[in-house]
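For what it's worth, this note's numbering labels the leading residue of the sequence shown as 151, then goes sequentially.
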Amino acid sequence: MSEDSVYQRLRGHLAYLRMAAAAEALPGELERAKEKDLGHSAFLERLLDVEVAATERRRQAGLERFACLPAPWTVGDFDFDAQPSVDKAMVHELATLRFLENATNVLLIGPPGVGKTMLAVALGRSAISAGYRTYYTTAADLAARCHRAALEGRWATTMRFFAGPRLLIIDEVGYLPLASEAAAALFQVVTQRYLKGSICLTTNLGVGSWGKVFDDPMVAAAMLDRLLHRSVVFNIDGESYRMRSHRARSENVRKGVRPRPEK
Ligand code: ADP
Ligand code: MG
């Protein structure tokens, strides 16, 4: 077979195997191999490396789209000095993602504006970077979705969906009172993930007042029991970060300091 037809067949194989990145890199890599007098394995390694990198990028982008994280926050963005009630070492430990291995839950409890969503999203981002399937939802969205699913006869599929991700972030539990149907949905999600997959949950409710947002205090107690059994809990107090920067700005205005432009 002529060199030309071998080349054409090789292109054909790469196209058939959907190795577009390798196909695109092929002429350049062949040229380089000739120039540098590379052996067969060195050439092949380089070519496959291109394809592996492209697959990895696609996979990351897929995980990223799937996760629906509401913001680009990372652990590095969190200002620990501003929030001394947050255990920095523990957050960094969580960012290693070892907690996902034994389905430990993370509960972030605190008033509005203290960085609960930010921390949850930052952990989600770490999980995605490490290749873990992650999904973000608010409690209200989860409830609405389960409600629709029940009406449309897709309850089981929806439950399987929420069981799937390695890390499920449920944001804003307790901001809105949950009707008993919604509480039942949340309860089932928590129950089916119990000891199998981590949940990172944020709430403005102290553990003691969970009974109040859920119609049925028994459901609330059973849910908390499962969430807390294997968990890391952050009780974040202190003032809202938004209020804090707002107040700093007002004080500067009062002192006649020119405000820095907003980022
Ligand atoms: P919560 O979910 O507790 O209501 P958020 O996580 O939404 O609070 O934080 C509110 C805003 O303040 C966000 O814009 C967030 O980026 C910012 N923020 C809160 N805490 C911190 C912090 N410690 N460092 C940097 N930004 C923070
Ligand atoms: Mg929030």
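Glycine included, every Cβ here is placed at the ideal spot set by N, Cα and C. As the structure is a prediction and not an experimental result, all values here were calculated from the model.
request  = Note down the Cα distance separating residue 263 from residue 316, rounded to an integer number of angstroms.
outcome  = 27 Å
request  = Would you list, in sequence order, the uninterrupted beta strand (DSSP E) runs of no fewer than 3 residues that lie entirely inside the region 260-308?
outcome  = 284-288
request  = Take every Cβ of the region 293-311, pair it with every Cβ of the region 239-250, and state whether three or more of those distances are shorter than 8 Å.
outcome  = no
ask   = Going by alpha carbons, who is nearest to residue 280 out of 368, 170, 172, 214?
value = 214
Simplified DSSP state of residue 412, which is helix, strand or coil = For residue 412, the pLDDT reaches just 48, beneath the cut-off of 50, and the residue's location in the model is therefore unreliable, leaving the point undetermined.
message = Please state the DSSP three-state secondary structure of residue 255.
response = Residue 255 sits in a strand when the DSSP states are folded into three classes.
Any non-hydrogen atom of the ligand ADP closer than 7 Å to residue 307 Cβ = no
ask   = Excluding the five sequence neighbours on either side, which residues of its own chain have a C-beta within less than 7 Å of the C-beta of residue 266, listed in chain order?
value = 258, 260, 352, 386
message = Quick check: what's the CA-CA separation for residue 339 versus residue 309?
response = 7 Å
ask   = Helix, strand or coil: how does DSSP classify residue 155 here?
value = helix
request  = Could you tell me the distance, in whole angstroms, from the CA atom of residue 278 to the CA atom of residue 210?
outcome  = 7 Å
message = According to DSSP, is residue 179 part of a helix, a strand, or is it coil?
response = helix
key: Backbone secondary structure at residue 353 - three-state DSSP   = When secondary structure is reduced to three states using DSSP, residue 353 falls in the strand class.
message = So for residue 340, helix, strand or coil by DSSP?
response = helix
message = Closer than 7 Å to a non-hydrogen atom of the ligand MG - does that hold for the CB of residue 287?
response = no
request  = Put residue 366 into one of helix, strand or coil per three-state DSSP.
outcome  = coil
inquiry  = Three Cβ pairs or more, each shorter than 8 Å: is that satisfied between the region 367-385 and the region 322-336?
reply    = yes
inquiry  = Run through the DSSP bridge pairs and tell me what residue 384 is partnered with.
reply    = 258
query = Grouping DSSP H, G and I as helix and E and B as strand, with all else coil, what is residue 359?
reply = helix
ask   = Based on Cα-Cα distance, which residue from 304, 322, 366 lies nearest to residue 270?
value = Distance check between residue 270 and each of 304, 322, 366 places 322 closest, using alpha-carbon atoms only.
key: Neighbourhood of residue 363 by C-beta, 7 Å cutoff - its chain only, sequence neighbours within 5 removed   = 324, 327, 328, 355
query = Using a threshold of 7 Å, is the CB atom of residue 184 nearer than that to any non-hydrogen atom of the ligand MG?
reply = no
ask   = Alpha carbon to alpha carbon, what distance is there between residue 276 and residue 191?
value = 34 Å
task = Identify whether residue 250 lies in helix, strand or coil by the three-state DSSP scheme.
result = helix
inquiry  = Using only the alpha-carbon positions, how far apart do residue 398 and residue 234 sit?
reply    = 18 Å
request  = Using alpha carbons as the reference points, say which of 195, 160, 201, 153 lies closest to residue 169.
outcome  = 201
query = Cβ-heavy atom distance between residue 246 and the ligand ADP below 7 Å?
reply = No, since every heavy atom of the ligand ADP falls outside the 7 Å radius drawn around the Cβ of residue 246.
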